[in-house]
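Report on one structure; see the data block that follows.
In full-length UniProt numbering, the protein residues as written are 1 to 282.
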């Protein structure tokens with residue numbers, strides 16, 4: 001009897017061609033890890049790169065590939081905000097409204113975009129182009145206020161410049177971030193990169209800019225170097241105790257209780273012949 005193809009048993013609604021492509025990519029992801037379940041995070045990005053969000057079919061596909069339940073996959077997909085559980089826009093526009101960016105105008109930028117696009121947090125414009133988000137931190141405080149489009153940096157923004165960026169995106173123009181790639185990818189393309197499939201653009205553009213490297217520049221100008229670590233004798237502090245290497249005498253891996261009393265204080269040693277639960281010579 002001919003074995004039934006795996007794809008024929010899939011509970012997903014993907015057509016045969018899509019399912020075959022996803023399965024081939026999933027095999028590459030699983031091959032990266034000793035435990036196949038470790039591939040769940042990139043695999044969720046993979047299905048998001050096809051559907052534009054983590055769909056029901058995407059959940060079932062991941063579950064089938066990794067021999068997990070749909071509930072287990074859903075628990076992970078709903079924990080991380082980069083996984084979308086409803087259709088996402090072509091571009092995710094994230095405005096940082098954390099402390100420094102907020103002080104520098106992040107809240108004003110978000111409010112202006114919300115009014116201009118007629119959407120709130122995690123909502124998508126009617127044309128499906130933009131999903132607007134408040135972002136807790138973009139990790140670029142030296143360029144505050146910062147906005148990101150599909151996780152590409154747009155530094156030192158103003159309400160007007162942010163509106164201009166979104167208008168150009170909606171018009172279908174190529175838009176270049178302040179740093180990084182020469183143009184912004186779509187949400188689906190970015191999700192595929194996050195799944196671990198390179199697009200060949202990792203070295204495009206500027207990575208660390210002037211404000212990030214300012215401290216390094218000053219240190220080099222002044223000839224500053226890191227101080228040599230002082231010995232405990234010089235500081236008068238006691239030397240740190242160095243734990244024994246694993247497997248050597250007195251290491252935690254080699255220590256064994258001398259008796260069961262060492263594990264459960266007050267419990268008689270039941271391993272001695274003739275000792276009952278009360279320690280009597282029955």
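Where a beta carbon is used, it is the ideal one built from N, C-alpha and C, also for glycine. Here the structure is a predicted model, which is why all the values come from computation and not from measurement.
Where residue i falls: helix, strand or coil (DSSP)
i           : result
residue 58  : helix
residue 226 : coil
residue 47  : helix
residue 4   : Per-residue confidence for residue 4 stands at a pLDDT of 41, beneath the threshold of 50, marking its modelled position as unreliable; the derived number appears in the next sentence. Here residue 4 sits in coil by DSSP.
residue 12  : coil
residue 78  : coil
residue 42  : helix
residue 83  : coil
residue 179 : coil
residue 137 : coil
residue 198 : coil
residue 63  : helix
residue 214 : helix
residue 251 : Note that residue 251 has pLDDT 49, beneath the 50 cutoff, so the model's placement of it is unreliable and no number is given.
residue 262 : Annotation note: pLDDT 48 at residue 262 (below 50); position unreliable, coordinate value reported separately. Three-state DSSP puts residue 262 in a helix.
Counted within 10 angstroms of its Cβ, other Cβ atoms place residue i as buried (16 or more) or exposed
i           : result
residue 218 : exposed
residue 222 : exposed
residue 52  : buried
residue 79  : exposed
residue 45  : buried
residue 64  : buried
residue 26  : buried
residue 58  : buried
residue 236 : exposed
residue 39  : buried
residue 143 : buried
residue 231 : exposed
Start and end residues, beta strand (DSSP E) containing residue i
i           : result
residue 154 : 152-154
residue 68  : Segment: none, residue 68 is in no beta strand (DSSP E) and carries neither H nor E.
residue 148 : 147-149
Residues sharing a beta bridge with residue i, DSSP
i           : result
residue 132 : 93 and 123
Own chain residues within Cβ distance below 7 Å of residue i, not counting five before or after
i           : result
residue 284 : Given that the chain is displayed from residue 1 to residue 282, the structure contains no residue 284 and the question cannot be resolved.
residue 117 : 125, 130, 132 and 166
residue 140 : 146, 153 and 155
residue 191 : 45, 48 and 49
residue 178 : 153, 154 and 155
residue 182 : 176, 204 and 205
residue 174 : 183
residue 12  : 19, 57, 60 and 61
Start and end residues, alpha helix (DSSP H) containing residue i
i           : result
residue 290 : The displayed coordinates of the chain run from 1 to 282. Any statement about residue 290 would go beyond what the structure contains.
residue 101 : 99-103
residue 35  : That residue, residue 35, is in no alpha helix (DSSP H); it is neither H nor E in DSSP.
residue 21  : 16-30
residue 107 : 106-117
residue 190 : 187-194
Own chain residues within Cβ distance below 6 Å of residue i, not counting five before or after
i           : result
residue 136 : 98
residue 147 : 95, 154, 157 and 162
residue 82  : none
residue 196 : 42
residue 7   : Here residue 7 scores only 45 on pLDDT, less than 50, and its place in the model should not be relied on; the value that follows carries that caveat. Same-chain partners within the cutoff: 19.
residue 87  : 52 and 53
residue 238 : none
Residues near residue i by beta carbon distance below 8 Å, same chain, minus five either side
i           : result
residue 186 : 90, 91 and 150
residue 122 : 131, 132 and 133
residue 22  : 14, 46, 47, 50 and 61
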